[in-house]
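**Student:**
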Amino acid sequence: MPAIKLDQVSRAYGKQVYAVRDLTLEIPDGSFTTLLGPSGCGKTTTLRMIAGLDMPTKGTIRIGDKLAFSLEEGKSLAPAKRGLGLVFQSYALWPHLTVAKNISFGLEVQKVPRAEATRRIEQVATALQIDGLLGRYTSELSGGQQQRVAIARVLVMQPSVLLLDEPLSNLDATLRMDMRAELKRLHQETGATIIYVTHDQLEALTMSTHIALMQSGRLQQFAPPLEVYAHPANQFAADFLGNPRINLLEGSVERGHFKCAGLDLALPDTVSPADTPTATLGLRAEELRLHGASGPGLAEARVTTLLPTGSDWYYNVELAGKSLIVRQNDGPQLRLGETVHVEARPESIKLFAGDGRALLAAPTVPMGS
Amino acid sequence: MSSVATAPSPLSRLLSFWPIVTLVALATSTFLLLLPVYNIVGLSFSGQEGGAGIFENYIMFFSEPYYYRSLINSFIVSISAMVLALLIGVPAAYIVSRYDIVGRSLIKTAVVLTFVSPPFIGSYSWVVLLGRKGVLSQMFADVGISLPSIYGAPGIIFVFTLQFFPFVFLLVSSGLKSIDQSVEDAARNLGSGEGRTFFTVIAPLLLPSITTGALLVFIASFTDLGTPIILGERFRVLPVLIYGEFVNDFGGRPVLASTLAVLLLIVTTGALLLQRRLAARFSYATSAIRPLTLQSPGPLKRFLASVFIYGLVLLALLPMINIVISAFLKSNGPVLVAKFTLANFDKVWRMADGPLLNTVMFTTIATAMCAIMGTMIAYIIARRSGRISALLDTVVMFSYAVPGIVLGVGLVVTYHNPPLALTGTPLILILAYFIRRLPFSVRSSVSSLQQLSRDTEEASINLGAGPGRTFLKITVPLLSMAILSGALLTWSNTIRELSATLVLQSGSTTTISVEIFNEVANGNFGTASALGMTLIVLTFLPLLLLFTFLGKNEEALV
Ligand SMILES: Nc1ncnc2c1ncn2[C@@H]1O[C@H](COP(=O)(O)OP(=O)(O)OP(=O)(O)O)[C@@H](O)[C@H]1O
Ligand SMILES: [Mg+2]
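Chains as they are written, first to last, in this note's numbering: chain B, 8 to 376; chain V, 4 to 561.
Printed below as a string of structure tokens:
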């Protein structure tokens, strides 16, 4: 199974507008790699360039040992020869054909013998639980069924790489949960490399083996999900992953302490960043603890909102004029307006320079800015 | 959406499916459209006997009253018809769209019917009704009223107005559909009356439809040949002069006809460019969430509106009613006698394997060619954006601007002599119809393609199908409705073509419309009516199919 390598790939529209810029990425063989980022960051463009439906304006793409695209060598492998199966965000099913005909289209193109084709269609249809729908037209299917047909149409070709462009975005919440599990199972069963596009950070965190986080056409970080979560390469990465969003406080670093109005926090002594007048502190909701009594290193705050979810409590607390969100799954029941004391665990603190770069060293090499 | 990035290997890309189709399309339009136009422009600048150099013909045109009067006359009738069509068409559309008067959809159908009836036979029908010995003229003369003459400029303007006001009517009707009720409510809420609301709020939003409609009336009137030949007498307009000069010159080099044709072409192209600019300038992006509602006007308003709209429809349908009746009347030369007969249809039968067969055959072949080529060109325009595709788009639109008589003369000039002596063959007529009606198919498929996601085709490419296979197996089936409706429109518009046919036909390739023209010229109104009725049925049937089974509405016509 091939690894996919992108080297300095750009896709420009005109001279100024870049959909993707200088993207260098090595997607490991057999991985479930997610392209994650906000709308318009270049995810679909990247996927289309890999599939050969769009051409980079710069760079090289390799699929396994095949050179798929190189501007310098004037080479672009036809989409059909890349052995990649693409599932479109819109599904792109053909309404004039039945489900069976939709699925068999690619097999007919490749002139796969009838018997063999029938066997493969049945196999895929059973695996995706659409075997009862083969005679229907695609307009007679639910969203979830359409999505399965779209995947079946590609899977039946037994591609070594599966490209999925936001396949779950049109589904309702419950169905989305089911399909997530199903896609993960699919990955384990087929062993194919999957490149999965989403703007949903939770989907990326739960499903992938690797996350490629993009913003404005540039790669921000490429690492396994928990690493991106725990050691974001920059402020954008910290802010984009995690629900609720990470608490960010602006201040300065002075002699190993982060300081802002009403807060003076000793930074872990494992790293002592240089003094800087502008820095941003990142504190995740679940990494903060609230105490009734005051103590050393605790900052005083006031509870402004209570949000119970059943399993956890979310509190909005006001700390020196800034609102922080805190998640607790045990501890004291707090009341509105009560004064509390906030503890930030030193090992979980994230600190970013004025330009957004992570200051507390993460094990990964930050890429881009 | 995404434009194609720089292609790495030029040669292999050039030899694939779409580049080849693009090349064929460009070559076809070059040989059928650009070259003929180029040739008449060339001829118009060629002096005959030394003389005043390359502008000789133009100098002659603008110094001889006989010639330049025709240009002035053309402007007089076209601008008058345009203004009158607006004065009639806008209120008519407003009334039918807004007031709950009886038979609204029948009125629309009637308007379509007048729109698609062959114009020249309508003109002759008016002669029968209002000519010197006309049925109505005599009737009114008996009670002491003398109706105005149908001949000359007033008659032409009258017939053009009735024939072409549907452009305005249909466009304004569809414009009204895209206006949201809240627009009117807001104005009415501020105390503005109906008239004031119309002029200050609704009319500005209708400007794109109104200007487009007006310019289409202008172009149609400016290029029409049949009506002014029949009604003009000594009042000559430009197309009539072109035809006359062309017939005089036949076999030689139609230098003067070419010069006149170039002038005609300049005016129509200018009008079309103006239309595009105005439509773009005035287009506000409005979409109706809740379209304008139907109103119940008060008794007086309802009475006036009904009189106006029924009167108009009756007047517009009168020539056609006359044709249908006359088709079954015994004729005594040009005079019809009030006796029922089917004899007029004998002639239609006798033409079954001649002109009638020609008409149906040429139209069918040209329509099929339009459908095939038009869909492929639409694909290139909609999906393969770039400089060449923009060029193709412009060329196709240009074929819209070239009047039939100009194209006819251009094709004769280009393909009269060996090795490509095509004049008088069926092929040249088919090719002329094809290039002239190509925009219908292209437009129909382009607008459908713009609604169709690119993903649908790319999914097929991704599964390994080539571009040709993807087009045939995926795009064409998905476009089938658009292709069919484009084809039906093409058919309806081709089957009644007169001006290019008159120039390009030879005795053996004559069509129904030419035969009607000849019968009219010989004063056989009974036969002409029977033929005319046949032609109206052939024109209207596909449209009926279009409206009833394909769910298109009347606005698809313009
Ligand atoms: N044809 C085009 N011309 C100009 N810019 C374009 C074109 N196509 C895409 N872009 C731009 O490229 C950027 C990336 O687009 P892309 O479709 O890859 O985004 P995406 O990450 O898939 O977004 P989404 O999550 O909304 O699907 C966008 O900012 C878009 O505006
Ligand atoms: Mg996208």
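We put the CB at the ideal spot given by N, CA and C, even for glycine.
Check this for me: beta carbons of residue 563 of chain V and residue 496 of chain V, under 7 Å apart or not?
**Tutor:** Since the displayed chain V opens at 4 and closes at 561, residue 563 of chain V lies outside it and no answer follows.
**Student:** Go ahead and label residue 192 of chain B buried or exposed: buried means 16 or more other beta carbons lie within 10 angstroms of its beta carbon, across all protein chains shown.
**Tutor:** Exposed is the call here.
**Student:** Using 10 angstroms around the beta-carbon of residue 460 of chain V, count the other beta-carbons present and answer buried if the total reaches 16, otherwise exposed.
**Tutor:** The residue is buried, with at least 16 neighbouring Cβ atoms inside 10 Å.
**Student:** Could you tell me how far apart the beta carbons of residue 502 of chain V and residue 242 of chain V are, in whole angstroms, since I believe they sit closer than 8 Å?
**Tutor:** So it is a contact: roughly 7 Å between Cβ atoms.
**Student:** Mind listing, in chain order, the continuous alpha helix (DSSP H) runs of no fewer than 4 residues lying wholly within the segment 70 to 141 of chain V?
**Tutor:** For the segment 70 to 141 of chain V, whole alpha helix (DSSP H) runs of length 4 or above, ordered along the chain, are 107 to 119 and 122 to 133.
**Student:** Using a threshold of 7 Å, state whether the C-beta atoms of residue 274 of chain V and residue 221 of chain V are closer than that.
**Tutor:** Yes, these two residues count as a Cβ contact at 7 Å.
**Student:** So, do the segment 195 to 208 of chain B and the segment 45 to 60 of chain B have three or more beta carbon pairs nearer to each other than 8 Å?
**Tutor:** Because the criterion of three Cβ pairs below 8 Å is met, the segment 195 to 208 of chain B and the segment 45 to 60 of chain B touch.
**Student:** The segment 210 to 244 of chain B: which residues have C-beta closer than 7 Å to a C-beta of chain V, in chain order?
**Tutor:** Cβ contacts with chain V come from no residue of the segment 210 to 244 of chain B.
**Student:** Would you mind stating whether residue 507 of chain V and residue 462 of chain V have Cβ atoms separated by less than 7 Å?
**Tutor:** No, the pair does not count as a contact, with Cβ atoms beyond the cut-off.
**Student:** State yes or no: is the C-beta of residue 94 of chain B nearer than 6 Å to some heavy atom of ligand 1?
**Tutor:** Residue 94 of chain B: no, Cβ never under 6 Å from ligand 1.
**Student:** Would you call the CB atoms of residue 242 of chain B and residue 287 of chain B closer than 7 Å?
**Tutor:** It is a contact, given that the beta carbons lie within the stated cut-off.
**Student:** List, from N- to C-terminal side, the alpha helix (DSSP H) runs of 4 residues or more that fit wholly inside the segment 357 to 415 of chain V.
**Tutor:** DSSP runs (the alpha helix (DSSP H)) wholly in the segment 357 to 415 of chain V: 358 to 386 and 390 to 404.
**Student:** Using the beta-carbon count (16 or more within 10 Å), is residue 549 of chain V buried or exposed?
**Tutor:** Burial call: buried.
**Student:** Work out the CA separation of residue 84 of chain V and residue 544 of chain V for me, nearest whole Å.
**Tutor:** Near 28 Å, if we compare the C-alpha coordinates of residue 84 of chain V and residue 544 of chain V.
**Student:** Say whether the segment 172 to 185 of chain V touches the segment 243 to 253 of chain V, bearing in mind that this needs 3 or more beta-carbon pairs closer than 8 Å, one atom from each stretch.
**Tutor:** Segments in contact, no.
**Student:** Who are the neighbours of residue 99 of chain B on chain V, taking C-beta pairs under 8 Å?
**Tutor:** Correct list: 456, 458, 459, 461 and 462.
**Student:** Please report the residue range of the alpha helix (DSSP H) in which residue 213 of chain B lies.
**Tutor:** From DSSP, the alpha helix (DSSP H) with residue 213 of chain B extends over 208 to 214.
**Student:** Which runs of the beta strand (DSSP E) spanning at least 3 residues fall entirely within the segment 427 to 513 of chain V, listed in chain order?
**Tutor:** Correct list: empty.
**Student:** For a minimum of 4 consecutive residues, which ranges assigned as the alpha helix (DSSP H) are wholly contained in the segment 257 to 292 of chain B?
**Tutor:** DSSP runs (the alpha helix (DSSP H)) wholly in the segment 257 to 292 of chain B: none.
**Student:** Suppose contacts are defined by Cβ-Cβ distances below 7 Å. Is residue 163 of chain B in contact with residue 109 of chain B by that definition?
**Tutor:** In this structure, residue 109 of chain B does not lie closer than 7 Å to residue 163 of chain B by Cβ.
**Student:** Is any heavy atom in ligand 1 found nearer than 6 Å to the beta carbon of residue 127 of chain V?
**Tutor:** Checking the Cβ of residue 127 of chain V against ligand 1 gives no.
**Student:** Establish whether the CB of residue 103 of chain B and some CB of chain V are separated by less than 7 Å.
**Tutor:** Answer yes: the Cβ-Cβ gap between residue 103 of chain B and chain V drops below 7 Å somewhere.
**Student:** So, is residue 202 of chain V buried or exposed, given that buried needs 16 or more other C-beta atoms within 10 angstroms?
**Tutor:** Residue 202 of chain V is exposed by the Cβ-count criterion.
**Student:** Pick helix, strand or coil for residue 101 of chain B, following the three-state DSSP scheme.
**Tutor:** Note: residue 101 of chain B maps to coil in three-state DSSP.
**Student:** Going along chain B, which residues have a C-beta under 7 Å from residue 92 of chain V?
**Tutor:** None at all; the shortest Cβ gap to chain B is about 39 Å.
**Student:** Assuming the contact rule is C-beta atoms closer than 8 Å, residue 382 of chain V and residue 452 of chain V should be a hit. Round their C-beta distance to whole Å, please.
**Tutor:** With 8 Å as the limit, residue 382 of chain V and residue 452 of chain V qualify as a contact, their Cβ atoms being about 7 Å apart.
**Student:** When every heavy atom of ligand 2 is checked, does at least one fall within less than 6 Å of the C-beta of residue 370 of chain V?
**Tutor:** No; taking the cut-off as 6 Å, the Cβ of residue 370 of chain V has no heavy atom of ligand 2 nearer than that.
**Student:** Taking all protein chains shown into account, decide if residue 59 of chain V is buried (16 or more other Cβ within 10 angstroms of its Cβ) or exposed.
**Tutor:** With 16 or more other Cβ atoms within 10 Å, it is buried.
**Student:** Would residue 93 of chain B and residue 465 of chain V qualify as a contact pair, given that the criterion is a beta-carbon distance under 7 Å?
**Tutor:** A contact, by the Cβ cut-off of 7 Å.
**Student:** Distance check for residue 29 of chain B and residue 17 of chain B, CA to CA, integer angstroms please.
**Tutor:** Cα to Cα, residue 17 of chain B sits roughly 5 Å from residue 29 of chain B.
**Student:** With C-beta atoms as the reference, is residue 294 of chain B less than 7 Å away from residue 355 of chain B?
**Tutor:** Yes, Cβ-Cβ distance for residue 294 of chain B and residue 355 of chain B is below 7 Å.
**Student:** Does any residue of chain V have a CB that is nearer than 7 Å to the CB of residue 95 of chain B?
**Tutor:** Taking Cβ atoms only, chain V reaches closer than 7 Å to residue 95 of chain B, which makes this a yes.
**Student:** Ligand 2 heavy atoms versus the CB of residue 53 of chain B: any closer than 6 Å?
**Tutor:** False, no ligand heavy atom lies under 6 Å from that Cβ.
**Student:** Which partner residues of residue 309 of chain B appear in the DSSP bridge assignment?
**Tutor:** For residue 309 of chain B, which the question treats as bridged, DSSP gives the partners B/325 and B/346.
**Student:** May I ask you to check if the CB of residue 24 of chain B is nearer than 6 Å to at least one heavy atom of ligand 1?
**Tutor:** Yes, ligand 1 has a heavy atom inside 6 Å of this Cβ.
**Student:** Do you know offhand how far residue 133 of chain V's Cα is from residue 240 of chain V's?
**Tutor:** Approximately 21 Å between the Cα atoms of the pair.
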